[in-house]
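Q:
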Amino acid sequence: MSAPLALGTAVRVRAAYPPGHIRTPFYVRGKRGRIVQYCGDFGNPETLAYGHDGTPRQPLYRVHFAQSEVWPDYRGVGRDSLEVEIYSHWLEPAGDAP
Amino acid sequence: MTGHPHDHGHAHAPAAAEDGPPSEYARLGRAVREILVEKGILSAADVRRAIEAMDARGPHLGARMVARAWHDLAYKARLLADGTAAAAELGIEMGPTILKVVENTAAVHNLIVCTLCSCYPRMVLGIPPDWYKSRPYRSRAVHEPRSVLAEFGTVIPDDVEVRVHDSTADLRYLVLPRRPAGTEGWSEAALASLVTRDSMIGVSLARSAHEPVETA
């Protein structure tokens, strides 16, 4: 995905489960959200963790998720939400914003 | 610890052994430190000074930023736009930390967690409390935040969005709590006394204007 994505862009977190040092929490994989902030480009922790230099640097976004999207059994209020930092190589386009 | 006088005859292990053997990571950390000191890359005093510098950080730093924001709306705008620069403006050295400040409002209550490890805005809050690093807090804060908040005595009305921030990567988060009612005209120092560590993590609100401040 080329950066930077515009604020409000609907995205889906890749539903991938590779081994290694991954900073994308399991609970948002496969979930739809929208971009609320482009944080800049950062070294990729998946290679930094193993002694490499983290290049190419990855655009990092804060992604907003509805709790009801992340947890089907969420007990709370409809507009409750989660915001998670996710590197661009974990994001793919989502047709519709949840 | 069962204190007993040492005029008895039996032998026992030195007190240090009661801590049990050091973990693999504790041994690794110690070995690296000793090698760095032996090679002259760091001195033992450097290590001690770094620990002292970290210990000197605490919630009083974040509280100064919050109180300034309550007192000065222009500072608040800068704080929300760039927390790192706003900290530096008050002379708080941030090192490589990128600080993101999220504002509690009448419509949104923010809560901070790190589900993957225990990322915490140490540069402005110091060492995190043990519960922040515990698995129950880390897992439940994202899944049932309202229950977690209630356990801290914090009940958020249903018409307020609870927004949980998971510090998964390169930013560190600080909550800007709502300014308590009845504090009009208060000095920054007086306002800062209402800003608790927990209110800047988001598990509680700031103290009310009438709540006695613990001086322990």
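Residue numbers (the working numbering), protein chains in the order written: chain A, 1 to 98; chain B, 99 to 314.
Ideal Cβ placement from N, Cα and C applies to all residues, glycine included.
#1: Where do the N-terminal and C-terminal ends of the beta strand (DSSP E) with I86(A) fall, by residue?
#2: Under 7 Å Cβ-Cβ, which residues of chain B neighbour Y27(A)?
#3: Taking only beta-carbon atoms, is G33(A) less than 8 Å away from chain B?
#4: If V36(A) and R62(A) are in contact, beta carbons under 8 Å, what's the gap, nearest whole angstrom?
#5: Starting from the C-beta of A165(B), find all residues in its chain whose C-beta is less than 7 Å away, skip the five residues before and the five after it, and write them out in chain order.
#6: Taking the continuous alpha helix (DSSP H) assigned at Y38(A), which residues delimit it?
#7: Where are the beta strand (DSSP E) runs, 3 residues long or more, that stay fully inside the segment 164-215 of chain B, in chain order?
#8: From T100(B) to P119(B), what does the alpha carbon distance come to, in whole angstroms?
#9: Is it right to say L5(A) is buried, meaning 16 or more other beta carbons lie within 10 angstroms of its own, or is it exposed?
#10: How should S81(A) be labelled, buried or exposed, when 16 other C-beta atoms within 10 angstroms of its C-beta is the threshold for buried?
#11: Given that L82(A) touches chain B, what residues does it touch there, using C-beta distances under 7 Å?
#12: List the residues of chain B whose Cβ lies closer than 8 Å to the Cβ of G76(A), in chain order.
#13: Any contact between the segment 215-225 of chain B and the segment 267-274 of chain B? By contact I mean 3 or more CB pairs, one from each, below 8 Å.
#14: Measure from the alpha carbon of P227(B) to the alpha carbon of each residue in D296(B), T182(B), H110(B), then state which is nearest.
#15: Please list, in chain order, all residues of the same chain as F65(A) whose beta carbon is under 8 Å from its beta carbon, the five residues on each side excluded.
#16: Considering H263(B), what are the terminal residues of the beta strand (DSSP E) in which it resides?
A: Quick answer:
#1: For I86(A), the uninterrupted beta strand (DSSP E) segment begins and ends at 81-87.
#2: In chain order: V240.
#3: No, G33(A) does not count as interfacial toward chain B.
#4: Contact holds; Cβ gap of about 5 Å.
#5: For A165(B), the CB contacts under 7 Å within the same chain, skipping 5 residues up- and downstream, are E286, L289, A290, V293 in chain order.
#6: Taken as a continuous stretch (DSSP letters only), Y38(A) belongs to no alpha helix (DSSP H), being part of the beta strand (DSSP E) at 32-42.
#7: Fully enclosed beta strand (DSSP E) runs of 3 or longer: 196-201, 206-211.
#8: Residue confidence for T100(B) is low, a pLDDT of 49 falling below 50, so the modelled location carries little weight; the figure read from the coordinates is stated next. Roughly 20 Å between the two C-alpha positions.
#9: In this structure L5(A) is buried. Its beta-carbon is surrounded by 16 or more other beta-carbon atoms within 10 angstroms.
#10: Residue burial is scored here from C-beta neighbours: S81(A) has at least 16 other C-beta atoms within 10 angstroms and is therefore classed as buried.
#11: Neighbours of L82(A) on chain B, chain order: V240, V262, D264.
#12: The contacting residues are E242, P243, R244, V260.
#13: Three or more beta-carbon pairs drawn from the segment 215-225 of chain B and the segment 267-274 of chain B are found closer than 8 Å, and the two stretches are therefore classed as touching.
#14: Closest in alpha carbon position to P227(B), among D296(B), T182(B), H110(B), is D296(B).
#15: Hits under 8 Å: V28, K31, R32, G33, S81, L82, E83, V84, P98.
#16: Segment 259-264, the beta strand (DSSP E) holding H263(B).
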